[in-house]
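Heads up, the working numbering is the position in the sequence shown plus 2, with the first residue counted as 1. By construction, the Cβ of each residue, glycine as well, lies at the ideal position given by its N, Cα and C atoms. All values derive from a computational prediction rather than experimental measurement.
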Amino acid sequence: MVFITVTPEEIVATARAELFTKVASLETAKELFKRTVSQVEIEIFSYCNRTCWFCPNSLVDRRSSNQFMHEDLYLRIVNDLADIAYDRVVTYSRYNEPLSDRIILKRLRQARIRLPNAHLTTFTNGDYLTREYLEELRDSGLNSINIMTYLGNTARYSDVEMLTAMTNKVKQLGLPCEFSEAKEGVGYAAELRYPGMRVKLLSRNFERTGVDRGGQVPIGSYRRESWCPVVFKHFYVDWNGCVVPCCNIRSDIREHEAHVVADLNDGRTIFEAYAASALVDWRRSLFNYETKKAPCSSCSHSVPQDTPEMRALIAQIGNDFIT
(Lines of atoms letter the chains of each structure in order from A; the text may use other names.)
(Lines give C-alpha, C1' and ligand atoms only; values in the text may rest on other atoms or scores of the structure.)
Protein backbone atom coordinates (compact mmCIF):
# COMPACT_ATOMS: atom_id res chain seq x y z
CA MET A 3 0.00 0.00 0.00
CA VAL A 4 1.22 3.49 -0.85
CA PHE A 5 0.06 6.12 1.65
CA ILE A 6 -0.16 9.82 0.92
CA THR A 7 -0.50 12.60 3.47
CA VAL A 8 -3.24 15.08 2.61
CA THR A 9 -4.27 17.54 5.29
CA PRO A 10 -7.83 18.79 5.78
CA GLU A 11 -6.49 22.30 5.25
CA GLU A 12 -5.21 21.35 1.80
CA ILE A 13 -8.58 19.91 0.83
CA VAL A 14 -10.49 22.96 1.99
CA ALA A 15 -8.04 25.28 0.22
CA THR A 16 -8.49 23.58 -3.17
CA ALA A 17 -12.11 22.42 -2.99
CA ARG A 18 -14.25 24.08 -5.65
CA ALA A 19 -17.61 23.21 -7.13
CA GLU A 20 -15.97 23.44 -10.58
CA LEU A 21 -13.88 20.36 -9.81
CA PHE A 22 -17.07 18.30 -9.92
CA THR A 23 -18.81 19.98 -12.86
CA LYS A 24 -17.63 20.23 -16.45
CA VAL A 25 -16.40 23.77 -16.97
CA ALA A 26 -17.29 25.64 -20.17
CA SER A 27 -15.08 28.69 -19.61
CA LEU A 28 -11.44 28.26 -20.68
CA GLU A 29 -10.33 30.95 -18.23
CA THR A 30 -12.07 29.16 -15.36
CA ALA A 31 -10.45 25.89 -16.45
CA LYS A 32 -7.02 27.56 -16.43
CA GLU A 33 -7.58 28.97 -12.95
CA LEU A 34 -8.76 25.58 -11.69
CA PHE A 35 -5.73 23.78 -13.15
CA LYS A 36 -3.27 26.31 -11.76
CA ARG A 37 -4.84 26.23 -8.30
CA THR A 38 -5.17 22.46 -8.04
CA VAL A 39 -2.68 20.51 -10.16
CA SER A 40 0.70 19.94 -8.52
CA GLN A 41 2.19 17.41 -10.95
CA VAL A 42 2.06 16.96 -14.72
CA GLU A 43 3.42 13.69 -16.08
CA ILE A 44 4.39 13.53 -19.77
CA GLU A 45 5.51 10.42 -21.66
CA ILE A 46 7.66 11.74 -24.51
CA PHE A 47 8.16 8.33 -26.15
CA SER A 48 7.12 4.72 -25.60
CA TYR A 49 10.26 2.57 -25.38
CA CYS A 50 11.31 0.68 -22.27
CA ASN A 51 14.17 -1.82 -22.23
CA ARG A 52 12.72 -3.86 -19.36
CA THR A 53 9.74 -6.15 -18.81
CA CYS A 54 9.61 -6.23 -15.00
CA TRP A 55 7.07 -8.64 -13.54
CA PHE A 56 5.45 -5.91 -11.42
CA CYS A 57 4.83 -3.66 -14.45
CA PRO A 58 2.28 -4.03 -17.28
CA ASN A 59 5.23 -3.78 -19.69
CA SER A 60 5.57 -7.50 -18.97
CA LEU A 61 2.27 -7.84 -20.88
CA VAL A 62 2.55 -5.04 -23.46
CA ASP A 63 5.27 -4.72 -26.10
CA ARG A 64 7.31 -1.59 -25.42
CA ARG A 65 10.60 -3.01 -26.75
CA SER A 66 10.26 -3.78 -30.46
CA SER A 67 9.83 -0.14 -31.54
CA ASN A 68 9.84 3.38 -30.15
CA GLN A 69 6.87 5.68 -30.72
CA PHE A 70 7.48 9.38 -30.08
CA MET A 71 5.08 12.04 -28.91
CA HIS A 72 4.84 14.55 -31.75
CA GLU A 73 6.96 17.58 -31.00
CA ASP A 74 4.15 20.01 -31.79
CA LEU A 75 1.93 18.24 -29.24
CA TYR A 76 4.66 18.32 -26.61
CA LEU A 77 5.22 22.02 -27.19
CA ARG A 78 1.47 22.68 -26.98
CA ILE A 79 1.41 21.04 -23.55
CA VAL A 80 4.44 23.00 -22.36
CA ASN A 81 3.10 26.25 -23.82
CA ASP A 82 -0.22 25.66 -22.06
CA LEU A 83 1.68 25.32 -18.80
CA ALA A 84 3.66 28.46 -19.59
CA ASP A 85 0.40 30.31 -20.18
CA ILE A 86 -0.43 29.94 -16.47
CA ALA A 87 3.17 30.39 -15.30
CA TYR A 88 3.15 26.81 -14.00
CA ASP A 89 5.72 26.45 -11.21
CA ARG A 90 5.12 22.98 -9.83
CA VAL A 91 6.32 19.51 -10.87
CA VAL A 92 6.72 18.24 -14.43
CA THR A 93 7.85 14.62 -14.56
CA TYR A 94 8.92 12.60 -17.59
CA SER A 95 8.09 9.17 -16.19
CA ARG A 96 5.21 7.01 -17.39
CA TYR A 97 5.83 3.50 -18.66
CA ASN A 98 8.88 4.24 -20.80
CA GLU A 99 12.51 4.40 -19.76
CA PRO A 100 13.03 8.16 -20.08
CA LEU A 101 16.81 7.99 -20.50
CA SER A 102 16.79 5.36 -23.26
CA ASP A 103 16.54 8.08 -25.92
CA ARG A 104 18.55 11.27 -25.59
CA ILE A 105 15.71 13.30 -27.06
CA ILE A 106 14.89 13.89 -23.40
CA LEU A 107 17.71 16.45 -23.35
CA LYS A 108 16.01 18.50 -26.06
CA ARG A 109 12.62 18.18 -24.38
CA LEU A 110 14.08 19.34 -21.06
CA ARG A 111 15.67 22.38 -22.68
CA GLN A 112 12.40 23.26 -24.39
CA ALA A 113 10.53 23.01 -21.09
CA ARG A 114 13.12 24.89 -19.07
CA ILE A 115 13.01 27.89 -21.41
CA ARG A 116 9.22 28.10 -21.18
CA LEU A 117 8.84 27.03 -17.55
CA PRO A 118 11.71 28.67 -15.68
CA ASN A 119 10.19 28.04 -12.24
CA ALA A 120 8.85 24.51 -12.72
CA HIS A 121 10.53 21.53 -11.05
CA LEU A 122 11.57 19.12 -13.82
CA THR A 123 12.13 15.57 -12.62
CA THR A 124 12.07 11.94 -13.71
CA PHE A 125 12.37 8.35 -12.57
CA THR A 126 14.79 6.01 -14.34
CA ASN A 127 15.85 2.39 -14.06
CA GLY A 128 19.43 3.65 -14.27
CA ASP A 129 20.48 1.31 -17.08
CA TYR A 130 21.51 4.18 -19.37
CA LEU A 131 22.71 6.59 -16.72
CA THR A 132 26.36 7.58 -16.56
CA ARG A 133 28.13 10.41 -14.78
CA GLU A 134 28.42 12.24 -18.11
CA TYR A 135 24.73 11.75 -18.92
CA LEU A 136 23.83 13.03 -15.46
CA GLU A 137 25.74 16.23 -16.18
CA GLU A 138 23.92 16.68 -19.50
CA LEU A 139 20.56 16.18 -17.81
CA ARG A 140 21.39 18.78 -15.18
CA ASP A 141 22.64 21.24 -17.76
CA SER A 142 19.47 20.73 -19.82
CA GLY A 143 17.31 21.77 -16.88
CA LEU A 144 16.53 18.63 -14.86
CA ASN A 145 16.13 19.50 -11.18
CA SER A 146 16.00 16.02 -9.70
CA ILE A 147 16.22 12.37 -10.65
CA ASN A 148 15.08 9.20 -8.88
CA ILE A 149 17.13 6.14 -9.81
CA MET A 150 15.16 2.96 -9.20
CA THR A 151 17.17 -0.17 -8.45
CA TYR A 152 15.70 -3.23 -10.17
CA LEU A 153 16.90 -6.82 -10.35
CA GLY A 154 16.09 -9.14 -13.26
CA ASN A 155 12.74 -8.90 -15.03
CA THR A 156 11.35 -11.91 -13.12
CA ALA A 157 13.48 -11.65 -9.97
CA ARG A 158 11.85 -11.19 -6.59
CA TYR A 159 13.10 -8.80 -3.96
CA SER A 160 16.24 -9.56 -1.99
CA ASP A 161 17.83 -7.15 0.50
CA VAL A 162 21.32 -8.45 -0.25
CA GLU A 163 20.94 -8.26 -4.03
CA MET A 164 19.32 -4.83 -3.89
CA LEU A 165 22.04 -3.38 -1.67
CA THR A 166 24.70 -4.90 -3.92
CA ALA A 167 23.08 -3.35 -7.01
CA MET A 168 22.74 0.02 -5.27
CA THR A 169 26.38 -0.07 -4.20
CA ASN A 170 27.49 -0.86 -7.75
CA LYS A 171 25.49 2.09 -9.10
CA VAL A 172 27.02 4.45 -6.56
CA LYS A 173 30.50 3.27 -7.56
CA GLN A 174 29.70 3.71 -11.25
CA LEU A 175 28.51 7.28 -10.76
CA GLY A 176 31.32 8.10 -8.37
CA LEU A 177 29.20 10.30 -6.11
CA PRO A 178 29.18 10.67 -2.31
CA CYS A 179 26.26 8.71 -0.90
CA GLU A 180 24.31 8.68 2.35
CA PHE A 181 21.43 6.30 3.10
CA SER A 182 18.32 8.10 4.30
CA GLU A 183 16.00 5.14 4.72
CA ALA A 184 16.53 1.45 5.41
CA LYS A 185 13.66 -0.95 5.96
CA GLU A 186 14.65 -4.58 5.78
CA GLY A 187 12.37 -6.49 3.43
CA VAL A 188 10.71 -3.27 2.24
CA GLY A 189 13.28 -1.04 0.58
CA TYR A 190 16.09 1.48 0.82
CA ALA A 191 16.71 5.10 -0.11
CA ALA A 192 19.96 6.99 -0.50
CA GLU A 193 20.89 10.57 -1.35
CA LEU A 194 23.75 11.04 -3.81
CA ARG A 195 25.40 14.43 -3.52
CA TYR A 196 25.66 16.16 -6.88
CA PRO A 197 25.86 19.93 -7.43
CA GLY A 198 22.81 21.55 -9.00
CA MET A 199 20.56 18.50 -8.90
CA ARG A 200 18.96 16.23 -6.33
CA VAL A 201 19.83 12.59 -7.00
CA LYS A 202 18.09 9.79 -5.12
CA LEU A 203 18.77 6.07 -5.37
CA LEU A 204 15.83 3.87 -4.40
CA SER A 205 14.78 0.25 -4.10
CA ARG A 206 11.35 -1.22 -3.36
CA ASN A 207 9.91 -4.60 -2.57
CA PHE A 208 6.96 -4.47 -4.95
CA GLU A 209 5.40 -7.57 -3.40
CA ARG A 210 4.86 -5.47 -0.26
CA THR A 211 4.56 -1.89 -1.54
CA GLY A 212 3.59 -2.30 -5.19
CA VAL A 213 0.28 -1.52 -6.89
CA ASP A 214 -1.65 -3.81 -9.23
CA ARG A 215 -1.77 -1.11 -11.96
CA GLY A 216 -5.48 -1.12 -12.52
CA GLY A 217 -5.77 -4.88 -12.13
CA GLN A 218 -2.99 -5.71 -14.59
CA VAL A 219 -0.28 -7.25 -12.40
CA PRO A 220 -0.55 -9.81 -9.57
CA ILE A 221 0.14 -7.70 -6.50
CA GLY A 222 -1.88 -7.92 -3.29
CA SER A 223 -5.61 -8.21 -2.75
CA TYR A 224 -6.49 -4.74 -1.53
CA ARG A 225 -10.10 -3.53 -1.36
CA ARG A 226 -10.30 0.22 -1.99
CA GLU A 227 -12.78 2.35 -0.06
CA SER A 228 -10.88 5.58 0.59
CA TRP A 229 -11.20 8.63 -1.63
CA CYS A 230 -8.49 9.37 -4.20
CA PRO A 231 -6.51 12.63 -4.40
CA VAL A 232 -4.69 11.72 -7.63
CA VAL A 233 -7.52 12.64 -10.02
CA PHE A 234 -7.51 16.12 -8.50
CA LYS A 235 -3.81 16.89 -8.08
CA HIS A 236 -2.09 15.11 -10.99
CA PHE A 237 -2.40 15.18 -14.79
CA TYR A 238 -1.12 12.38 -17.06
CA VAL A 239 -0.44 12.34 -20.81
CA ASP A 240 0.68 9.21 -22.67
CA TRP A 241 3.07 9.38 -25.64
CA ASN A 242 0.10 9.20 -28.04
CA GLY A 243 -1.59 12.28 -26.59
CA CYS A 244 -4.19 10.38 -24.58
CA VAL A 245 -5.00 11.73 -21.13
CA VAL A 246 -5.67 9.14 -18.43
CA PRO A 247 -6.98 9.61 -14.88
CA CYS A 248 -3.93 8.37 -13.00
CA CYS A 249 -0.50 6.79 -13.25
CA ASN A 250 -1.91 3.26 -12.94
CA ILE A 251 -4.06 3.53 -16.06
CA ARG A 252 -2.54 3.50 -19.54
CA SER A 253 -4.06 3.95 -22.97
CA ASP A 254 -2.17 1.09 -24.64
CA ILE A 255 -3.83 -1.66 -22.59
CA ARG A 256 -7.08 -3.03 -24.00
CA GLU A 257 -8.74 -3.25 -20.58
CA HIS A 258 -7.96 0.43 -19.96
CA GLU A 259 -8.95 1.89 -23.33
CA ALA A 260 -12.39 2.89 -22.07
CA HIS A 261 -10.78 4.91 -19.28
CA VAL A 262 -9.05 7.44 -21.55
CA VAL A 263 -10.62 10.79 -20.62
CA ALA A 264 -9.31 12.97 -23.46
CA ASP A 265 -7.17 13.00 -26.60
CA LEU A 266 -5.04 16.12 -26.96
CA ASN A 267 -4.59 15.43 -30.67
CA ASP A 268 -8.04 16.94 -31.21
CA GLY A 269 -6.64 20.37 -30.37
CA ARG A 270 -8.06 20.88 -26.90
CA THR A 271 -5.91 22.41 -24.20
CA ILE A 272 -4.72 20.56 -21.13
CA PHE A 273 -7.04 22.81 -19.14
CA GLU A 274 -10.09 21.62 -21.07
CA ALA A 275 -8.91 18.03 -20.70
CA TYR A 276 -8.70 18.55 -16.95
CA ALA A 277 -11.87 20.55 -16.33
CA ALA A 278 -14.29 19.63 -19.13
CA SER A 279 -13.76 15.92 -19.78
CA ALA A 280 -14.67 12.58 -18.26
CA LEU A 281 -12.03 13.32 -15.63
CA VAL A 282 -14.77 15.28 -13.86
CA ASP A 283 -16.80 12.07 -13.57
CA TRP A 284 -13.80 10.30 -12.06
CA ARG A 285 -13.47 12.98 -9.41
CA ARG A 286 -17.14 12.72 -8.55
CA SER A 287 -17.06 8.93 -8.25
CA LEU A 288 -13.84 8.77 -6.22
CA PHE A 289 -14.56 11.52 -3.69
CA ASN A 290 -16.07 9.33 -0.98
CA TYR A 291 -15.41 6.48 1.43
CA GLU A 292 -17.29 3.78 -0.44
CA THR A 293 -16.29 0.59 -2.23
CA LYS A 294 -14.75 1.56 -5.56
CA LYS A 295 -15.45 0.05 -8.96
CA ALA A 296 -12.85 -1.35 -11.38
CA PRO A 297 -10.18 -0.40 -12.26
CA CYS A 298 -9.93 1.30 -8.85
CA SER A 299 -11.50 -1.48 -6.78
CA SER A 300 -8.14 -3.02 -5.80
CA CYS A 301 -5.96 0.09 -6.00
CA SER A 302 -3.62 0.64 -3.05
CA HIS A 303 -1.97 3.74 -4.51
CA SER A 304 -2.11 7.16 -2.81
CA VAL A 305 -4.32 6.11 0.10
CA PRO A 306 -5.00 9.16 2.32
CA GLN A 307 -5.09 8.89 6.08
CA ASP A 308 -8.43 7.55 7.31
CA THR A 309 -9.64 9.52 10.33
CA PRO A 310 -13.11 10.56 11.55
CA GLU A 311 -12.16 14.17 10.79
CA MET A 312 -11.18 13.32 7.22
CA ARG A 313 -14.32 11.27 6.61
CA ALA A 314 -16.51 14.09 7.91
CA LEU A 315 -14.75 16.66 5.74
CA ILE A 316 -15.02 14.55 2.58
CA ALA A 317 -18.72 13.98 3.28
CA GLN A 318 -19.31 17.68 3.88
CA ILE A 319 -17.58 18.78 0.67
CA GLY A 320 -19.36 16.04 -1.25
CA ASN A 321 -22.73 17.24 0.04
CA ASP A 322 -21.88 20.84 -0.82
CA PHE A 323 -20.52 20.30 -4.33
CA ILE A 324 -21.72 16.95 -5.69
CA THR A 325 -25.41 16.66 -6.51
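Cβ neighbours of Leu34 within its own chain (closer than 8 Å, five residues either side excluded): Arg18, Glu20, Leu21, Val25, Phe273, Tyr276 and Ala277. Bounds of the beta strand (DSSP E) holding Gly189 are Gly189 to Leu194. In the DSSP assignment, Glu43 falls within the beta strand (DSSP E) that extends over Gln41 to Ile44. Within the same chain, Leu288, Phe289, Asn290, Tyr291, Pro306 and Ile316 come within 8 Å of Trp229 by CB-CB distance, once the 5 residues on both sides are set aside. Listed in chain order, the non-local C-beta contacts of Ser40 below 8 Å within the same chain comprise Arg90, Val91, Lys235 and His236, local neighbours out to five positions each way being set aside.
For Ile316, the uninterrupted alpha helix (DSSP H) run begins and ends at Pro310 to Phe323, by DSSP. Residues of the same chain with a CB within less than 6 Å of the CB of Ile251, apart from the 5 flanking positions on each side, are Gly216, His258 and His261 in chain order.
Bridge partners of Glu183 according to DSSP: Ala191. For the options Glu183, Val201 and Pro118, the alpha carbon positioned closest to that of Gly176 is the one of Val201. Of the residues assessed, Gln318 falls on the exposed side of the cut-off, its CB having fewer than 16 other CB atoms within 10 angstroms.
Phe70 and Cys244 have their C-alpha atoms some 13 Å from each other. Comparing alpha carbon positions, the residue from Thr309, Cys248, Asn170 and Ile106 closest to Thr151 is Asn170.
DSSP places His258 in the helix class (H, G or I) of the three-state scheme. Under DSSP, Leu144 shares a beta bridge with no residue. In the three-state reduction of the DSSP assignment, Tyr135 falls in the helix class.
If you look at Ser205, you'll find it isn't in any alpha helix (DSSP H); it sits in the beta strand (DSSP E) that goes Arg200 to Arg206. Secondary structure at Ala17: coil, using DSSP grouped into helix, strand and coil. With 16 or more other Cβ atoms inside 10 Å of its own Cβ, Glu99 counts as buried. Taken atom to atom, the span from the alpha-carbon of Arg286 to that of Asn321 is near 11 Å. Shortest Cα-Cα distance from Trp55 to any of Glu183, Asn155 and Asn145 involves Asn155. For Leu117, no beta strand (DSSP E) segment is defined, and its DSSP state is neither H nor E. Here the alpha carbon of Arg109 sits roughly 12 Å from the alpha carbon of Ile79.
Counting along the chain, Phe237 sits inside the beta strand (DSSP E) bounded by residues His236 to Val239. Buried is the label assigned to Ala192, since at least 16 other Cβ atoms lie within 10 Å of its Cβ. In the three-state reduction of the DSSP assignment, Asp265 falls in the strand class, which pools E and B.
Here Ser27 is exposed, its C-beta having fewer than 16 other C-beta atoms within 10 Å. Membership of Thr93 in the beta strand (DSSP E) is indicated by the continuous run Val91 to Thr93.
Within the model, the alpha-carbon separation for Pro231 versus Val8 is close to 8 Å. For Val80, the enclosing alpha helix (DSSP H) starts and ends at Glu73 to Asp85.
Setting aside the 5 residues that flank it on each side, Arg270 is surrounded in the same chain by Ala264, each with a C-beta closer than 7 Å to its C-beta; the list follows chain order. For Glu45, the closest of Ala87, Arg52, Glu73 and Asn148 by C-alpha to C-alpha distance is Glu73. Between Asn207 and Val233, the C-beta gap is not smaller than 9 Å, which leaves the two residues out of contact. Boundaries of the beta strand (DSSP E) harbouring Val246: Cys244 to Val246, taken from the DSSP string.
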